[in-house]
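Protein chains in written order, with UniProt numbering: chain A, 1 to 443; chain B, 1 to 443.
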């Protein structure tokens, strides 16, 4: 019997610890052998650690092991002397004295050249060898940025009085409509995977006022595009007691400002690795759907084909317009036509052909859909009836409204898409750890 | 066109804001009408707000509205004068002057008596009316505690150099074996819902060294017990470069200590509402599986029926033993028999009938399974073969090991179960927002 009392400081140092260590001191470090450059009498052993690369220097006679004992892709622990060297990553290197091999690969011929700065490999190969391709520093940095976006979302909303919730992903029926659902057998009953936590988070507004969830959603959409996934991570919030639907956009703006500050502060190394310039989110323009469609048509000489929806090319042009005219990488497009929004969307009382809803476009692509929702029980039932929908499966949802709900609204952000546009990638699979699409179900 | 610049301070105050306001000041607040107690010339209107209850006082003549304009379950905004009153919740009340009704229920007869302190209703009724039952203060407080546990998990691990990951829930095959899987049709291909992120998080140790995920997992287990769900939230971490499997237990101990401190600090009101005494996690005993089985058999005069597993009753007795002998609500049980652990578990080199793995028991129930994993490619292949398993579907997993992996291990915590034991509940559905079990797929 022993007692565990918490985490003990390790005798091995991470890079941040090494940077605080004086030159000449003896240190212990571990890592994966990223590359070995053998220059004859001296060799550089580059270790890959979670905080970046670290240079080990091997000199014959100075170490008590043979360089041949060391192979690329080994995971090792080394003891040595810390030295300053401006040319080395981080300005430090370790003169290697002693080696312990922790893990040895069965095969040190990597299927992909992960130690190259840019992994110039096909997306297909990167996805087929996901556990290897992500060992490349630039590849993995994208997912650190993604972490920052999620972390900021939660931290910001905790600070704004939101409660985190976990809603079920398996359900008897879909939250938002019949199409594009994955269906499964649930102990001999038909069930579906939820496309969104929408109806659940609305019900929880009646409980916690403000709620959020960061969780997977599932869409059985059959299109194979660069911007769609069949499973993705949705950053959702829903807030009650709003004075207007602008308040929802203000909350999202606050989040984005917070996220950009967190990235600039805590993820500076990854931003540099990826050469990302963070967008300025100090003020985000909001413009009506019908208005911006006309502005864009006029400025860029483009005919409006579909007055009720935005085509991908129009999203690009609206973003271009926002950048040129208002100097913003972000733009809220408000008042979407009612017929293109789900039944729970609040119609604009001033003109019920439109809704109090919005999309947020970022660098040419929609990354958020949001808006105010209907909170009156009668109005909700009328809208359901007017759409020719049934109330089947909505009983519990309607029950919340029957017993009082405050004015409310919220958003959903596609995490992988936000990451993609921030990292300057043109395919969403580049910023998805293990993408699921029409053809890809593995790894 | 307008610009969004972030969140503006609202003119309505939350309870924390009211507590900082001087008596006699005019204030605006919103909330849901929890109860109205009409005493004749004066009435008490109790508002339910996200931070708790707030007392409004209605006096005829003092307000510009009629009490009859107000109904239970209304969501309202009121203007009035803040007064101190020791007998009111939080020691403050609002003398109501002006009323705005924000949302009106279609029916103010609640299906459940949510304004009672304890909702003495059957679990069935609470689950059938989930959006209503959770409006009860004690019911909702449990999910605030649950938030604290998740939030602490992430915050603690961020601080320990972990990276958050999002692994896919739909897969071609299961991560851990064939049984108990929900099966679905994925564009005419068979697919399953993942039981755990196990193999993915291990692969990601080769990329980020330390990773965690907080996400749903799916288990098609056919037993209907008080401690099992078919969908639950798993708090998973996996860490590389460990010196021993004790390091994993130390990390979990550090998390629990951090979580208890966060709850004591930020969730004190909810702890009080639920009358929860936080366990002391300063030191957690760890004892071998075979040893504690014997100790318990001896002390409590119980025969060992199955030497390879713990029965629920044994878990209870081990917890009782740990409390009586070592004064701890937690106890790690280590070195589980190899035959009861999955193929990836690292056998104890000192006696390969046992593994370098553990469960954490808390107040009579297992809330965590963890352990060191095999990191050597050959050893892993041998174990797979020895188990009579096929490598089909494990190709990408094995690829990570073929190209070098450090010694590593990790844990999975059942969030709802942890919450259940902390809140002193005896059914896991009490601490699950929308439980999924053999018979329940709605709401």
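Glycine residues also receive a C-beta, built at the ideal position from the N, C-alpha and C atoms.
The straight-line gap separating the alpha-carbon atoms of residue 103 of chain B and residue 30 of chain B is approximately 11 Å.
Counting along the chain, residue 253 of chain B sits inside the alpha helix (DSSP H) bounded by residues 246 to 266. Between the segment 329 to 348 of chain A and the segment 276 to 295 of chain A, the count of C-beta pairs closer than 8 Å reaches three or more; the two stretches touch.
Within the DSSP secondary-structure output, residue 408 of chain A pairs in a beta bridge with A/240, A/373. The continuous stretches of beta strand (DSSP E) do not include residue 401 of chain A, which lies in the alpha helix (DSSP H) extending over residues 395 to 402. For residue 275 of chain B, the closest Cβ of chain A is not nearer than 8 Å.
Segment contact: the segment 153 to 171 of chain A against the segment 397 to 414 of chain B, fewer than three CB-CB distances shorter than 8 Å; contact not assigned. In terms of Cβ geometry, residue 278 of chain A and residue 251 of chain A do not form a close pair [threshold 8 Å]. Between the alpha carbons of residue 200 of chain B and residue 137 of chain A lies a gap of roughly 19 Å. Under the 8 Å criterion on CB atoms, residue 197 of chain B is classed as non-interfacial with respect to chain A. Within chain A, not a single residue places a beta-carbon under 8 Å from that of residue 65 of chain B; the smallest gap is close to 18 Å. When DSSP assignments are scanned along the segment 310 to 366 of chain A, the uninterrupted stretches of beta strand (DSSP E) that are 3 or more residues long and fall wholly within it turn out to be 330 to 334, 351 to 355, 357 to 362. Closer than 8 Å to the CB of residue 429 of chain B there is not a single CB belonging to chain A. Residues of chain A whose Cβ lies closer than 8 Å to the Cβ of residue 30 of chain B are, in chain order, 241, 406. The beta carbons of residue 52 of chain A and residue 89 of chain A sit about 6 Å from each other, so the pair counts as a contact at 8 Å. For residue 84 of chain B, the uninterrupted beta strand (DSSP E) run begins and ends at 75 to 84, by DSSP. At a C-beta separation below 9 Å, residue 75 of chain A has these neighbours in chain B: 206, 240, 241, 375, 404, 405, 406, 407. Counting only runs of 3+ residues, no beta strand (DSSP E) is found wholly inside the segment 147 to 175 of chain B. For residue 167 of chain A, the C-beta contacts it makes with chain B under 8 Å involve 433, 434, in order along the chain.
The C-alpha of residue 264 of chain B lies about 22 Å from the C-alpha of residue 360 of chain B. Less than 8 Å separates the beta-carbon of residue 436 of chain A from that of residue 168 of chain B. Looking at the backbone, the Cα of residue 72 of chain B and that of residue 108 of chain B are separated by about 6 Å. Within chain B, the residues 3, 4, 5, 6 have their CB atoms less than 9 Å from the CB of residue 283 of chain A, given in chain order. Residue 185 of chain A carries a strand assignment under DSSP once its states are collapsed to helix, strand and coil. With at least 16 other beta carbons inside 10 angstroms of its own, residue 408 of chain B counts as buried.
In the DSSP secondary-structure assignment, residue 286 of chain B is bridged to A/2, B/332.
For the pair of segments examined, the segment 316 to 325 of chain B was found to touch the segment 361 to 368 of chain B: the number of CB pairs separated by less than 8 Å reaches three. Taking C-beta atoms under 8 Å as the contact rule, residue 114 of chain B and residue 96 of chain B fail to qualify, at a distance of about 22 Å.
By the neighbour-count criterion, in which a residue is buried when 16 or more other Cβ atoms sit within 10 angstroms of its Cβ, residue 369 of chain A is buried. In this structure, the beta-carbon distance from residue 218 of chain B to residue 433 of chain B does not fall below 8 Å. For residue 308 of chain B, the closest of B/325, B/25, B/334, B/298 by C-alpha to C-alpha distance is B/334.
Distances from the CA of residue 139 of chain A to each of A/123, A/393, A/55 were compared; the closest alpha carbon is that of A/123. Put simply, of B/20, B/343, B/223, B/37 the residue whose alpha carbon is nearest the alpha carbon of residue 388 of chain B is B/343. Classified as buried, residue 230 of chain A has 16 or more neighbouring CB atoms from the shown chains inside 10 Å of its CB. Residues of the segment 340 to 372 of chain A with a C-beta atom less than 9 Å from some C-beta of chain B do not occur. The residue from A/241, A/225, A/222 with its alpha-carbon nearest to that of residue 207 of chain A is A/241.
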